[in-house]
Structure formats: structure tokens, C-alpha cells
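Using the numbering used here, the first residue of the sequence shown is number 234, and each one after it goes up by one. Just so it is clear, CB atoms sit at the ideal spot from N, CA and C, and this is done for glycine as well. The structure appears below as C-alpha cells.
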Amino acid sequence: MNYENILVSIEERIATITINRPAKLNALNKATISDLSNAVSALGNDDNVRVIIITGTGEKAFVAGADISEFANYTVVEGAQLAAEGHEALFDCIENLRKPVIAAINGFALGGGLELAMACHFRIASDNAKMGLPEVTLGLIPGYGGTQRLPQLIGKGRAMEMIMTAAMISAEEAKQYGLVNHVVAQTELLSFTAAIAQRIIKNAPFAIGKAIKSINANYKDGKNGFDTEIKSFGECFGTADFKEGTTAFLEKRKAEFTGK
Numbered sequence: 234m235n236y237e238n239i240l241v242s243i244e245e246r247i248a249t250i251t252i253n254r255p256a257k258l259n260a261l262n263k264a265t266i267s268d269l270s271n272a273v274s275a276l277g278n279d280d281n282v283r284v285i286i287i288t289g290t291g292e293k294a295f296v297a298g299a300d301i302s303e304f305a306n307y308t309v310v311e312g313a314q315l316a317a318e319g320h321e322a323l324f325d326c327i328e329n330l331r332k333p334v335i336a337a338i339n340g341f342a343l344g345g346g347l348e349l350a351m352a353c354h355f356r357i358a359s360d361n362a363k364m365g366l367p368e369v370t371l372g373l374i375p376g377y378g379g380t381q382r383l384p385q386l387i388g389k390g391r392a393m394e395m396i397m398t399a400a401m402i403s404a405e406e407a408k409q410y411g412l413v414n415h416v417v418a419q420t421e422l423l424s425f426t427a428a429i430a431q432r433i434i435k436n437a438p439f440a441i442g443k444a445i446k447s448i449n450a451n452y453k454d455g456k457n458g459f460d461t462e463i464k465s466f467g468e469c470f471g472t473a474d475f476k477e478g479t480t481a482f483l484e485k486r487k488a489e490f491t492g493k
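Now the structure itself:
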């Protein structure tokens with residue numbers, strides 16, 4: 234597919250989506266959200282892709298927020314619709330994708346940019362990264378899941394402080410909080426992230442998808458994570474990957490998983 238605001242490449246079963254609006258510090262507008270939604274959905278259904286990495290072009294920004302000019306004159310109804318459509322089309326889609334999605338945060342991740350990173354399954358940051366949710370400085374609150382995912386990741390108190398003060402935190406602070414898993418030099422960010430992706434690729438895709446589903450279930454209203462885990466665990470027994478994994482273990486060889 235051809236995209237207006239993103240670049241997509243696939244190498245060794247790893248797809249990299251690069252948000253490509255450098256003049257706007259990769260800010261999210263409707264067109265970019267649409268591009269990301271379409272790309273994530275397409276790659277999620279591509280059997281040649283096992284892991285997706287999302288990053289931003291350039292050295293300054295992952296995504297420096299939303300494109301405020303698009304919604305400055307919105308009504309109450311239009312604002313709620315903007316958030317609801319974003320959740321459904323992109324942020325919830327990423328969170329619930331059966332393939333791992335990793336955010337490689339290369340600079341500023343603010344507002345919708347941090348919300349995009351938090352929707353990913355985990356995050357790796359360059360050492361120059363800065364993260365924050367500054368929406369209250371505009372008379373808004375985070376609208377793409379920030380009030381929900383940030384407390385899940387760093388705890389209620391820290392999330393309350395970050396959101397109410399609109400403060401930015403450094404990459405090292407984000408690591409201390411548990412918001413990112415690793416901090417590396419900017420020049421090493423994509424290679425480091427790809428190395429983790431390669432480790433994931435060696436494992437059974439069906440099982441990884443079920444692990445994602447089971448972990449997410451613990452954070453959803455009306456879901457019993459233990460019940461989801463039990464059912465998902467049982468479903469793994471019906472796969473060719475389970476037979477291959479156990480056979481390879483008993484035969485003392487490396488497993489060759491197909492995702493079936």
C-alpha cells in the first residue's frame with residue numbers, strides 16, 4: 234500500500250513503520266492515524282511478518298503530539314468522536330494485535346505520541362528521549378488512552394503527577410518508572426530493538442499471540458485474566474507449533490515454528 238505520512242519496510246520478518254512528518258515533528262493528524270491503522274492491520278495479517286516496530290523519522294521526535302490545528306475549533310461532540318475513532322482505529326488495535334508491536338522512541342514522545350508508544354506492547358527509548366502528556370496546558374486531558382495506560386505502567390500516583398503537572402520526563406526517569414524497558418544511544422536504537430525482535434521471532438507465534446491476549450485481559454473490565462490464561466493455555470495444545478516445540482525439545486534440536 235502507498236501511504237502519505239509513514240514509511241513501511243520489512244526485513245527478516247520484522248516490519249518497521251516510520252512516521253514521516255519531520256517538518257511537524259511527526260505529529261499525529263487524521264491522515265497519519267489512518268495510515269498507521271491501515272499499516273498495522275495489513276502487517277497483522279501478513280504471514281511474512283512476526284514483529285512490528287514503530288518509530289519516527291529523524292533524531293528529534295518519535296511523535297511530538299497531535300496536530301492541534303486540526304481540532305482547535307471542535308465541539309464537545311466532535312471531540313468525543315475524535316477520541317473514540319482514534320481508540321478503535323489505532324490505539325486499541327495495536328494493544329490487542331496478536332503480533333508484538335514495539336515502540337522505538339527516538340526523541341520527543343508527547344501527548345498522542347506517548348499514547349501511541351503506550352499502546353505498543355513495550356517500549357525502548359533513545360537516551361535523548363523526552364516523554365510527557367501535556368494536554369492540560371491546552372485545556373484538555375489525554376484522549377487516546379493516556380489516563381488509562383499510564384497508571385497501568387507507572388502507578389496511579391506518578392501518573393496523576395505527570396498528567397496534572399504536564400511535566401516531561403527523561404528516558405532514564407521513564408526507565409526507572411517502568412514506562413520503557415531499555416534506554417540506548419540514538420545510533421543503536423533500531424539495531425537494539427531489532428535484536429530483541431529477532432529473539433521473539435525464534436518463539437512460537439501462536440503462543441505469543443495468546444500470551445498478549447492473556448496479559449491484556451488482566452487490565453480489562455469484566456475480564457478474568459486467569460480464565461483467559463487457562464483457555465489460551467489449552468488452545469496452544471491444539472497447534473502444530475506445540476507439537477513441534479515439544480518434539481524439538483525431546484529431540485534436543487531447535488524448533489522451527491510456523492505459527493499454526
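(request) Please report the residue range of the beta strand (DSSP E) in which residue 480 lies. (result) Element bounds for residue 480: not the beta strand (DSSP E) but the alpha helix (DSSP H), 473-483.
(request) Would you kindly report the start and end of the unbroken alpha helix (DSSP H) that includes residue 308? (result) Annotation: residue 308 is outside any alpha helix (DSSP H) and is labelled neither H nor E by DSSP.
(request) Mind listing, in chain order, the continuous alpha helix (DSSP H) runs of no fewer than 4 residues lying wholly within the stretch 398-431? (result) 404-410
(request) Look up residue 355 in the DSSP assignment and say whether it is helix, strand or coil. (result) strand
(message) Classify residue 319: buried if its beta carbon has 16 or more other beta carbons within 10 angstroms, exposed otherwise.
(response) buried
(request) Check each candidate in 444, 299, 425, 262 and name the one with the smallest Cα separation from residue 332. (result) 444
(message) Does the contact criterion of 3 or more C-beta pairs under 8 Å hold for the stretch 302-311 versus the stretch 374-384?
(response) no
(request) Please classify residue 341: does DSSP put it in a helix, a strand, or coil? (result) strand
(request) Helix, strand or coil for residue 292, going by three-state DSSP, please let me know. (result) coil
(message) Taking the alpha carbon of residue 439 as the reference point, which residue from 345, 432, 468, 423 has its own alpha carbon closest?
(response) 468
(message) Using a Cβ-Cβ cutoff of less than 8 Å, which residues in the same chain neighbour residue 368 once the five nearest sequence positions on both sides are dropped?
(response) Non-local beta-carbon contacts of residue 368 in its own chain, meaning distances under 8 Å to residues more than five positions away in sequence, involve 344, 374, 375, 376, 379, 396, 399 in chain order.
(request) Assign residue 451 to one of two classes, buried (16 or more other C-beta atoms within 10 Å of its C-beta) or exposed (fewer than that). (result) exposed
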